Structure formats: C-alpha cells, structure tokens
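Inspection log for the structure reproduced underneath, given as structure tokens.
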Ligand code: HEC
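In structure tokens form, the structure reads like this:
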C-alpha cells in the first residue's frame with residue numbers, strides 16, 4: 027500500500043492536486059493506485075476511459091456516493107459507509123475531478 031501511495035506522488039506533476047485528507051479518510055489508495063491496476067482499475071485507466079464522456083463525472087460522483095452498476099469486473103466498490111464515512115456531493119466532485127485528471 028505504501029508503494030502505491032509514493033508511486034502516485036511521483037506522477038503528480040500536471041494533475042489536480044490530490045485531496046489528501048479525503049483520499050485518506052475514504053481509503054481510496056487501499057484498492058486503487060494512480061497507474062497500476064491492482065485490486066481495482068488504476069485512476070489512470072479510469073481517467074482514460076471517461077475523459078471524453080461529457081456526463082461521466084456526474085455518473086461517477088453518484089456512484090462514489092451511492093454505488094451503481096459495475097463497469098470493470100465482478101468486484102464492486104464498497105459504499106462510503108464501508109470506506110470510512112459519508113461522502114458529501116462536494117467531496118465526491120473533488121475526488122472525481124482529481125481521478126479524471128490523472
Ligand atoms: C475496497 C476497494 C476500493 C476502495 C477503498 C475504493 N475503490 Fe474505487 N473501485 C474499486 C473497484 C473494485 C472498482 C471497479 C468497480 C466497477 O467496475 O465499477 C472501482 C472503481 C472506481 C471508479 C470507476 C467507477 C466506474 O464506474 O467506472 C472510480 C472513479 C473510483 N473507483 C474511485 C475511487 C475513489 C475516489 C475512492 C476513494 C473515495 C475509491 N475508489 C475507493 C475498489 C475500491
């Protein structure tokens with residue numbers, strides 16, 4: 027897990043700044059890394075997939091807060107309550123903007 031976090035930091039040059047507290051509180055890096063698929067698709071893959079889809083960020087914000095259809099395999103992402111606590115719409119937006127900038 028620590029390796030994943032430092033890999034992420036290394037590639038951070040042109041990105042939206044990482045919302046560190048939110049990411050920690052929601053344990054995003056427990057399953058995701060910036061650029062290596064691990065327990066979950068990497069944020070880089072996710073950004074590639076959705077970058078050109080106009081409504082993607084709204085869909086992803088919804089999904090981060092309330093769950094939804096699985097898009098990458100059989101494992102779904104746990105809901106906020108199981109990740110560390112409730113997630114406001116504003117925080118979901120911050121996280122999605124950050125993911126899509128990677
Ligand atoms: C317990 C493991 C786990 C944690 C913690 C986790 N994720 Fe995920 N995430 C997954 C898995 C597995 C998928 C693929 C699920 C799917 O196909 O929809 C995923 C998918 C995603 C997607 C793409 C969804 C889609 O519909 O394509 C985004 C964006 C995302 N995660 C962001 C985050 C963020 C931001 C956090 C922290 C708030 C986070 N994840 C925390 C496991 C996790």
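Residue numbers (my numbering): 27 to 128.
Even for Gly, the Cβ is constructed at its ideal location relative to N, Cα and C.
These figures come from a predicted structure and were not determined experimentally.
Apart from the five residues just before and just after residue i, which ones in its own chain have a Cβ nearer than 6 angstroms to its Cβ?
i	result
residue 119	87
residue 98	67
If you follow the alpha helix (DSSP H) that residue i is in, where does it begin and where does it stop?
i	result
residue 77	First-last for residue 77: undefined, no H or E at that position.
residue 96	Note, residue 96: premise wrong, no alpha helix (DSSP H); not H, not E.
residue 51	46-51
residue 123	115-126
With burial defined as no fewer than 16 other Cβ atoms inside 10 Å of the residue's Cβ, what is the status of residue i: buried or exposed?
i	result
residue 65	exposed
residue 101	exposed
residue 68	buried
residue 96	exposed
residue 58	buried
residue 47	exposed
residue 124	buried
residue 43	exposed
residue 128	buried
Three CB pairs or more closer than 8 angstroms across the segment 73-92 and the segment 105-118:
Using a C-beta cut-off of 8 angstroms, the segment 73-92 makes contact with the segment 105-118, since at least three inter-stretch Cβ pairs fall below that distance.
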